[in-house]
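There are 2 protein chains.
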Amino acid sequence: MKPYADYTRSERCAEYTALQEQYEAWKTKQLSLNMARGKPSRAQLDMVSGILTVLQSPEDCFDGALDVRNYGELTGIPSAKRLFAELLGVMPSQILVGGSASLNLMYDLIAKAWTHGLLHSPRPWSQEPVVRFLCPAPGYDRHFRVSQSFGMELIPISMTPDGPDMDAVEAAVRDPAVKGIWCVPKYSNPQGIVYSDAVVDRLAALRPAAPDFALMWDNAYCLHEVYGEFVPFRDMLTLCREAGNADMVYEFASTSKITFPGAGVAVMAASEANLKYLSGLLGAQTISYDKVNQLRHVRFLQDKAHVLELMQRHAAILRPKFEAVLAALRGIAPLNIASWTEPKGGYFVSCDAMPGTAKRTLALCAEAGVTMTPAGATYPGGNDPADSNIRIAPSFPPVEELEQAMQIFCLALRMAALEKLGI
Amino acid sequence: MKPYADYTRSERCAEYTALQEQYEAWKTKQLSLNMARGKPSRAQLDMVSGILTVLQSPEDCFDGALDVRNYGELTGIPSAKRLFAELLGVMPSQILVGGSASLNLMYDLIAKAWTHGLLHSPRPWSQEPVVRFLCPAPGYDRHFRVSQSFGMELIPISMTPDGPDMDAVEAAVRDPAVKGIWCVPKYSNPQGIVYSDAVVDRLAALRPAAPDFALMWDNAYCLHEVYGEFVPFRDMLTLCREAGNADMVYEFASTSKITFPGAGVAVMAASEANLKYLSGLLGAQTISYDKVNQLRHVRFLQDKAHVLELMQRHAAILRPKFEAVLAALRGIAPLNIASWTEPKGGYFVSCDAMPGTAKRTLALCAEAGVTMTPAGATYPGGNDPADSNIRIAPSFPPVEELEQAMQIFCLALRMAALEKLGI
Chain H
1 MKPYADYTRS ERCAEYTALQ EQYEAWKTKQ LSLNMARGKP SRAQLDMVSG ILTVLQSPED
61 CFDGALDVRN YGELTGIPSA KRLFAELLGV MPSQILVGGS ASLNLMYDLI AKAWTHGLLH
121 SPRPWSQEPV VRFLCPAPGY DRHFRVSQSF GMELIPISMT PDGPDMDAVE AAVRDPAVKG
181 IWCVPKYSNP QGIVYSDAVV DRLAALRPAA PDFALMWDNA YCLHEVYGEF VPFRDMLTLC
241 REAGNADMVY EFASTSKITF PGAGVAVMAA SEANLKYLSG LLGAQTISYD KVNQLRHVRF
301 LQDKAHVLEL MQRHAAILRP KFEAVLAALR GIAPLNIASW TEPKGGYFVS CDAMPGTAKR
361 TLALCAEAGV TMTPAGATYP GGNDPADSNI RIAPSFPPVE ELEQAMQIFC LALRMAALEK
421 LGI
Chain R
1001 MKPYADYTRS ERCAEYTALQ EQYEAWKTKQ LSLNMARGKP SRAQLDMVSG ILTVLQSPED
1061 CFDGALDVRN YGELTGIPSA KRLFAELLGV MPSQILVGGS ASLNLMYDLI AKAWTHGLLH
1121 SPRPWSQEPV VRFLCPAPGY DRHFRVSQSF GMELIPISMT PDGPDMDAVE AAVRDPAVKG
1181 IWCVPKYSNP QGIVYSDAVV DRLAALRPAA PDFALMWDNA YCLHEVYGEF VPFRDMLTLC
1241 REAGNADMVY EFASTSKITF PGAGVAVMAA SEANLKYLSG LLGAQTISYD KVNQLRHVRF
1301 LQDKAHVLEL MQRHAAILRP KFEAVLAALR GIAPLNIASW TEPKGGYFVS CDAMPGTAKR
1361 TLALCAEAGV TMTPAGATYP GGNDPADSNI RIAPSFPPVE ELEQAMQIFC LALRMAALEK
1421 LGI
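Sequences listed follow chains H and R, in order.
Following the numbering used here, the numbering of the first sequence begins with 1 at its first residue and continues without gaps.
Following the numbering used here, the numbering of the second sequence begins with 1001 at its first residue and continues without gaps.
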């Protein structure tokens, strides 16, 4: 094996013909394999079945004197606030426990900024001539879609191995129309990058022109190591407060990849002033979130030590899947047609195909029955200017299926690269 | 006993002194009694404990081939759609099963009208110079608060024993700024009024000037008889469609007062065109609602026959409480200082005190340890122009407490009336 770039035209043609034969053979198998979304696998879900029956009787449903089955406690039950405060390293008074999806909490925050404004907004964002939002890319497509659904202008920010390009961020926030930034600080989606201390410090110390700039701190994978022991992370609420930005940061997390993705518990951590302001608005929206499910989670997860132990068991299921993806990619490394990340945690491997070949690669995958996150999805507006980045989600399929899917993926990468080089 | 209006001044003074003595005696007991909100009682919650353990194993968590524990199925699981379609008399394709609170679904609909517009909106409501909303009053304070939180102008519409004053409604909707109306068609909050067929027909056949007029059809108590067998209700989606208004109506319901108020399942029923449009917007907000809880409800509630049987058991707990309220009120009927409704279902008794005495009555109650829904709460903006309407919520306290609370309430009604008449 040598780099495709060093192949002669006739070598490329011969290679392509050979690959095409393998590809056609895969197609006849009519597979249906999915590496599109970061969904836990059945084995992971089965592992937490205990949560289904952790509350059995009326007496089980009391959190101290509070009957969690009835209306009330808009911001969450006390024991759930304590648990998530411990997990995130913040104070219980900085926690809002709400609903089953952190994406929904993020959307609701942006929606409230739009309709009512945030704590320091001069006016609702809907009344601004233009709202811009910083989108470190590659990033999480659903973050970008929230901003896009409100008609914001999405500003791409390059990702570096240490996190977002902070020179670009600091320059961008001088524009008062720039109202926020999407961040996944630990095991970023899709690259699995952990923001460096220097990046985190610079983010906390930002001096945005917009008084209501929102640092959307989506700590989705804060406990989600795949390799090795739990890696502590710093409390962004404290860092922002110390930098004079107490009300700038909104941190999000959930148990979607700890218990059940469809039926977990989501939290927002923010300054007490922010929570007071937002609770006022939330009071018009709902009476209370599902507190029975909050208590289920408290009783099942217990405390940080138990959660970390559970996360190690998730990791044991996930590790062979990451290995299968990486082994396949390493197998084609000598061809020099793709680069990829080797994250220590999170849910994704990010692959950069030869520029101009991502869409073609995924079209070939689709034709052979392998569904991936669409090319471009990791960029604002679904537009990857280099047509290169591909998100691989190894968590859901069984290892054997993943190995097949990766064989097809690598074939597709190679065929697309050869087509690009000329055959 | 004779009407207070027929008392001489000295009779009123003597009566007031006697009542004051009883009132002071109650105060020394330092009671803490609550008739403020429509919360089910502990006995009702205990009765449905089976729902806590109806799903026990991984195998229990499949709805057909669908694993409800994982991401997906934005609009709800098929079996839940079928169950709620049966309960509401609509088609499963007209059902969105979402979250644990119908109030949240209503808020989200209005919020989306605000940020994006509804299906037939010429523009988002936030871009309209003024948005007006019709508020049949007395009505549900949380409905009015949703509209108010978006800065809408609330237009009060009188309630008649048959439902909203339809002459007033038909006149009001000629204004294109009038974008909707809040309705609780069966056992209205707080009066327990069931809209007559004539009112329902006229609502379905409205010809609003606004193309995106929203008939907010909150069928919160559609299965909630307190006296007698289930009373069938008409399918407003069909009636609206037949009247050429297929996309005008949004129906809401929940299991908040069937299973757990904090942890039930909420649904919206609407035309397929509306659901298609709204799902598109919802897709930016969330991946899926809590489908495990949806399946819990399907397995526990099973079908309409089982639900109606359960509702009869709820009624058996609620009936003595309604009786206690009504018995106390009937006891002071000869004084002619208040009128009230005697609903056949729902969660409230509505009492009209002598005009100008509601606030004073509730202040006296509060002083003696009885908490009620604040006076005025049943009117838009919290402003009852007659200072007369009081909502009584008998469901939560045990009967003995309720009897005490009603004694204090009747004392307060009498004292406030005597003060008004002059002592």
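We put the CB at the ideal spot given by N, CA and C, even for glycine.
>> Going residue by residue through the segment 93–172 of chain H, where are the continuous beta strand (DSSP E) segments of at least 3 residues, counting only ones entirely within it?
In response: 95–97, 132–137, 153–160
>> Residues in the same chain with beta-carbon distance under 8 Å from H:C61, minus the five sequence neighbours each way, listed in chain order, please.
In response: L55, D67, V68, R69, V292, L295
>> Classify H:N383: buried if its beta carbon has 16 or more other beta carbons within 10 angstroms, exposed otherwise.
In response: exposed
>> Below 8 Å, how does it come out for the segment 262–274 of chain H and the segment 1131–1142 of chain R: are there three or more Cβ pairs, yes or no?
In response: no
> Once you ignore the five residues that flank R:M1311 on each side, which residues in its own chain have a CB closer than 6 Å to its CB?
Replying inline: L1223
> Using the C-alpha atoms, what's the distance from R:S1339 back to R:D1006?
Replying inline: 17 Å
> Secondary structure at H:Y23, three-state DSSP: helix, strand or coil?
Replying inline: helix
> Quick one: Cα of H:R12 to Cα of H:G422, how far?
Replying inline: 8 Å
> Going by DSSP, what residues sit across from H:G345 in a beta bridge?
Replying inline: H:E225
>> As an exercise, report each continuous alpha helix (DSSP H) stretch of at least 4 residues that is fully enclosed by the segment 1285–1370 of chain R, in chain order.
In response: 1291–1301, 1304–1331, 1358–1367
>> Considering only DSSP beta bridges, list what R:M1001 is partnered with.
In response: R:M1001 pairs with nothing; no bridge assigned.
> Under a Cβ-count criterion, where at least 16 other Cβ atoms within 10 Å of its own Cβ denotes burial, should R:Q1094 be classed as buried or exposed?
Replying inline: buried
>> With H, G and I counted as helix, E and B as strand and the rest as coil, what does DSSP make of R:S1442?
In response: The structure shown does not extend to residue 1442 of chain R, since chain R spans only 1001 to 1423, so no value can be given for it.
> With a cut-off of 8 Å, does the C-beta of R:P1374 fall near any C-beta of chain H?
Replying inline: no
> Does the distance from the C-beta atom of R:D1387 to that of R:A1358 stay below 8 Å?
Replying inline: yes
>> According to DSSP, R:G1180 sits in a beta bridge with which residue or residues?
In response: R:F1133, R:A1214
> Near R:S1158, what residues of its chain come up, given a Cβ to Cβ distance below 8 Å and the 5 sequence neighbours on each side ignored?
Replying inline: P1136, A1137, P1164, D1165, A1168
>> Does chain H have any CB closer than 8 Å to the CB of R:W1451?
In response: Given that chain R is displayed from residue 1001 to residue 1423, the structure contains no residue 1451 of chain R and the question cannot be resolved.
> Going by alpha carbons, who is nearest to R:K1321 out of R:A1393, R:E1419, R:A1243, R:K1027?
Replying inline: R:A1393
>> 8 Å is my cut-off, CB to CB: does R:Q1285 come that close to chain H?
In response: yes
>> List, in chain order, every chain H residue whose beta-carbon is nearer than 9 Å to that of R:Y1107.
In response: A284, Q285, T286
>> On the DSSP bridge list, what partners appear for H:M248?
In response: The partner list for H:M248 (beta bridge, DSSP) is empty, contrary to what the question assumes.
>> What would DSSP say about H:V267, mapped onto helix, strand or coil?
In response: strand
> Considering only residues of the same chain and omitting the five flanking positions on each side of H:G331, which have a CB-CB separation below 8 Å?
Replying inline: C410
>> Check this for me: beta carbons of H:R414 and H:L326, under 8 Å apart or not?
In response: no
> Residues of chain H with CB under 8 Å from R:P1058, in chain order?
Replying inline: R42, L45, D46, S49
> Is the beta carbon of H:A220 less than 8 Å from the beta carbon of H:A269?
Replying inline: no
> In whole angstroms, what is the alpha-carbon distance linking H:L103 and R:A1368?
Replying inline: 46 Å
>> Please list, in chain order, the chain R residues whose beta carbon lies closer than 8 Å to that of H:A263.
In response: V1068, R1069, D1290, K1291, V1292, N1293
>> So if DSSP puts H:N389 in a beta bridge, which residue, or which two residues, is it bridged to?
In response: H:D352
>> Does H:Q285 pass the burial test, meaning 16 or more other C-beta atoms within 10 Å, or should it be called exposed?
In response: buried
>> Give me the DSSP bridge partner(s) of H:F62.
In response: H:D67
>> Can you tell me which residues form a DSSP beta bridge with H:L33?
In response: H:V370
>> Less than 6 Å between C-beta atoms, sequence neighbours within five positions excluded: which residues of the same chain meet that for H:A412?
In response: T361, L364, C365
> If H:D235 and H:L83 are in contact, beta carbons under 8 Å, what's the gap, nearest whole angstrom?
Replying inline: That pair is no contact at about 16 Å.
> CA-CA distance, R:G1098 and R:I1181?
Replying inline: 22 Å
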